[in-house]
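Residue numbers (this note's numbering): 1023 to 1341.
All C-beta atoms in this analysis are idealised placements derived from N, C-alpha and C, irrespective of residue type, glycine included.
None of the values given here were measured: they were computed from a predicted structure.
Heads up, the thing below is written out as structure tokens.
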Ligand SMILES: NC(=O)c1ccc[n+]([C@@H]2O[C@H](COP(=O)([O-])OP(=O)(O)OC[C@H]3O[C@@H](n4cnc5c(N)ncnc54)[C@H](O)[C@@H]3O)[C@@H](O)[C@H]2O)c1
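See below:
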């Protein structure tokens, strides 16, 4: 099987590629990335150790390049991680989010149709459902209405709807997964957890938006990779699967936990002006993937956050 993994040098893409290349030694993986994220260049150092992963630099919004690549490589499946992901940047500069996240998705799916690629999987996010009040017990499922709050989430929701339309109109064998907040090795230092670890290491102040009471549901990145593997091989075509970490924590809790593990002081925390439209709490249930594909998490937050801190402490020098 030959798989195209777009955005494969990014945080989740790198972890997914390492997981898959160890598990499926006879598969070939093409990692396509434009390396627009600084840390993705460092991730290439790790990916090049795997013989069944080949890296190609390129942009998913370059239609001519994508068509040439598909014509030459004859992929069996495409998994699209490539996206602009920084919510703050999407508030300042929404257009690039529409270009990469929506048009880029269309260009990849058009190429799948043109060059008869059998499977297309779209990596999406719980942010497409929008937020809930902090004390709400509600959890969104795959049938819930999409109410994205910021241009990033809106562009991801648009790509999901487009993908479903390609299934219905053209019969493209599409699946979609919507996971909660990932943590683990190989993430860019824009993320709350790597930034906190880095700033603790260098005794620098740790910025927290507003009161820090916004809640996110944290999933260890390899539990996400395991879920995508299952959906790719056994998921029902035309379906959406939520992937929840079932591990909700306030941002303040997460930061204080890292400070404590790293033996630093809470006075490193600096509260900064909240972002406009900042989502309060994301909450989804993933009963569908648990019941239909027997997926469940195997990593706990308390253990995996320690492993994650150790990984960054060891590898910070590379960043
Ligand atoms: N990080 C999370 O917590 C999280 C949660 C749910 C869903 N997601 C989704 O997972 C996917 C990956 O996110 P991530 O956190 O690994 O982000 P990331 O920024 O680390 O990875 C994205 C990668 O895509 C590449 N890229 C960007 N634009 C591109 C383009 N036009 N052509 C080719 N490559 C391009 C970047 O260089 C980067 O390596 C995204 O689709 C995101 O929406 C992320």
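Check	Outcome
Give the C-beta separation of residue 1109 and residue 1174 to the nearest angstrom, bearing in mind that I take them to be a contact with Cβ-Cβ under 8 Å.	5 Å
How do the region 1229-1248 and the region 1115-1122 stand: do at least 3 beta-carbon pairs fall below 8 Å, yes or no?	no
Using a Cβ-Cβ cutoff of less than 6 Å, which residues in the same chain neighbour residue 1204 once the five nearest sequence positions on both sides are dropped?	1034, 1241, 1243 and 1246
Short check: CB of residue 1028 to CB of residue 1186, under 8 Å?	no
With distances taken Cα to Cα, identify the nearest neighbour of residue 1308 among 1156, 1264, 1191 and 1292.	1264
How about residue 1168 and residue 1160: are their beta carbons less than 8 Å apart?	no
If we count the other Cβ atoms within 10 Å of its Cβ and call it buried at 16 or more, is residue 1267 buried or exposed?	buried
How is residue 1102 classed by DSSP in three states: helix, strand or coil?	strand
Report all residues from its chain with a CB closer than 8 Å to the CB of residue 1095; omit the five preceding and five following residues, and keep chain order.	1024, 1026 and 1052
On a CA-only basis, which of 1334, 1338, 1259 and 1331 is nearest residue 1193? Give me that one, please.	1259
Among 1098, 1279, 1255 and 1178, which one has its Cα closest to the Cα of residue 1139?	1098
DSSP has residue 1053 in a bridge; who is on the other side?	1027 and 1077
Using the Cα positions of residue 1341 and residue 1211, report the straight-line distance between them to the nearest angstrom.	For residue 1341, the pLDDT reaches just 49, beneath the cut-off of 50, and the residue's location in the model is therefore unreliable, although a value from the coordinates is still provided. For residue 1341 and residue 1211, the distance between alpha carbons rounds to 9 Å.
Going by DSSP, what residue range makes up the alpha helix (DSSP H) through residue 1201?	Not the alpha helix (DSSP H): residue 1201 falls in the beta strand (DSSP E), residues 1196-1201.
Applying the 10 Å Cβ sphere with the 16-neighbour rule, what's the burial state of residue 1182?	buried
Go to residue 1292, then tell me how far its beta strand (DSSP E) extends in each direction, as first and last residue.	1291-1294
Return helix, strand or coil for residue 1341, following the three-state DSSP convention.	Low local confidence applies: a pLDDT of 49 at residue 1341 is under 50, so the model's placement there is unreliable, with the coordinate-based value given in what follows. In this structure, residue 1341 counts as coil in the three-state DSSP scheme.
Is the closest heavy atom of ligand 1 to the C-beta of residue 1051 under 7 Å?	no
So what does DSSP say about residue 1246, is it helix, strand or coil?	helix
For residue 1232, is the beta carbon positioned less than 7 Å from some heavy atom of ligand 1?	no
Relative to the C-alpha of residue 1315, which residue among 1248, 1045, 1330 and 1293 is closest?	1248
Using CA atoms only, rank isn't needed, just tell me which of 1158, 1091 and 1184 is closest to residue 1054.	1091
Are the CB atoms of residue 1280 and residue 1331 within a distance shorter than 8 Å?	yes
Quick check: is any heavy atom of ligand 1 less than 7 Å from the C-beta of residue 1104?	yes
Determine, using beta-carbon pairs with one atom in the region 1288-1298 and one in the region 1144-1154, whether at least three such pairs fall under 8 Å.	no
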